[in-house]
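To keep things clear, I will list the structure first and then write my remarks on it.
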Amino acid sequence: MRNNVLYKRNYDPTRQKWLLVIPKQLRRDVLKSLHDAPTSGHLGFAKTYDRIRRKYYWPGLYGSVRRYVSHCRECQRRKSPPQPPSGQLHPIKHPDIPFNKIGVDLLGRFPITRNGNGWIIVCTDYLTRFTVTKALPTAEATEIAKFLVEEIILKHGAPREMISDRGRSFLSNLVKDINQLCQTSHFLTTAYHPQRMA
């Protein structure tokens, strides 16, 4: 107690040493000034609670702030509606036969070589981890299709499943036609999640 004002000792060394104890009749004013005021910005519960507990204390502070923020009309009006949870990522099952399931990716653009190549295509067998690579002059669908036919299908047989990213070359009609003729199912990786290829 100092000058007839009650303080509570704060044992958090990173915070103010003494917290002003707020009487019941002033708690709503403190909440209003640190949540509703134009300079407060209607911050959510966690930030409002943190701002108040840095300087003030009263029994049940946590619950008071939680109730006040959850009943704030302005916050409820501006709050974005809850989003449904994202789909679960599922691990890729390994096949029983080599080159039954492959992953294909395109790397580049690299500096042009003396042979005129600036791209690398990589195909990995999911069972053996055997990798087939080839340097390509462009990332066009014709180059991808030629690689799939000459280096994969004619040498190792047509795969049952092919996994690739969403690159436009892999989504071309030419690659779709090859997959359809070979009865290969084409699966696309999740956007921004290239780990799915491994």
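Numbering of the sequence shown is given in numbering that gives the first Met the number 0, commencing with residue 0 and proceeding in unit increments. Even for Gly, the Cβ is constructed at its ideal location relative to N, Cα and C. What you are looking at is a predicted structure, and each value in this text was computed from that prediction instead of being measured.
Residue nearest to residue i in terms of C-alpha spacing, selected from the options
i      : options                           : result
Gly43  : Asp11, Arg77 and Trp57            : Arg77
Lys92  : Leu126, Asp176 and Pro84          : Leu126
Pro110 : Thr130, Thr137 and Gly40          : Thr137
Asp28  : Asp176, Pro12, Lys46 and Ile51    : Ile51
Thr188 : Gln179, Glu150, Arg165 and Leu180 : Arg165
Leu33  : Tyr48, Val20 and Gln182           : Tyr48
Leu25  : Tyr55, Phe129 and Val68           : Tyr55
Pro22  : Asn3, Asp11, Asn9 and Lys16       : Asn3
Pro58  : Pro83, Arg113, Val20 and Leu30    : Val20
Reduced DSSP category for residue i - H, G, I as helix; E, B as strand; rest coil
i      : result
Cys74  : helix
Ser32  : helix
His185 : strand
Ser69  : helix
Gly107 : strand
Arg1   : strand
Ser79  : coil
Lys100 : strand
Asp95  : coil
Asp164 : coil
Thr141 : helix
Tyr125 : coil
Cβ distance (whole Å) where residue i is taken to contact residue j below 8 Å
i      : j      : result
Leu153 : Phe146 : Leu153 to Phe146, Cβ: 11 Å. No contact.
Ile120 : Ile143 : 7 Å
Cys209 : Val148 : Since the first residue shown for the chain is 0 and the last is 197, residue 209 is missing from the structure and cannot be characterised.
Leu173 : Thr141 : 7 Å
Arg14  : Arg72  : Not quite, the Cβ-Cβ distance comes to about 31 Å (not below 8 Å), so this is no contact.
Gly40  : Phe98  : Not really, about 58 Å apart at Cβ, beyond 8 Å.
Assigned exposure category for residue i - 16 Cβ within 10 Å defines buried
i      : result
Asp124 : buried
Val64  : buried
Pro90  : exposed
Pro158 : buried
Asn114 : exposed
First and last residue of the uninterrupted beta strand (DSSP E) at residue i
i      : result
Ala200 : Residue 200 lies beyond the residue range present for the chain, which begins at 0 and ends at 197; the question has no answer from this structure.
Lys7   : Tyr6 to Arg8
Delimiting residues of the alpha helix (DSSP H) encompassing residue i
i     : result
Val20 : Where Val20 is concerned, there is no enclosing alpha helix (DSSP H), although the beta strand (DSSP E) it sits in stretches over Trp17 to Val20.
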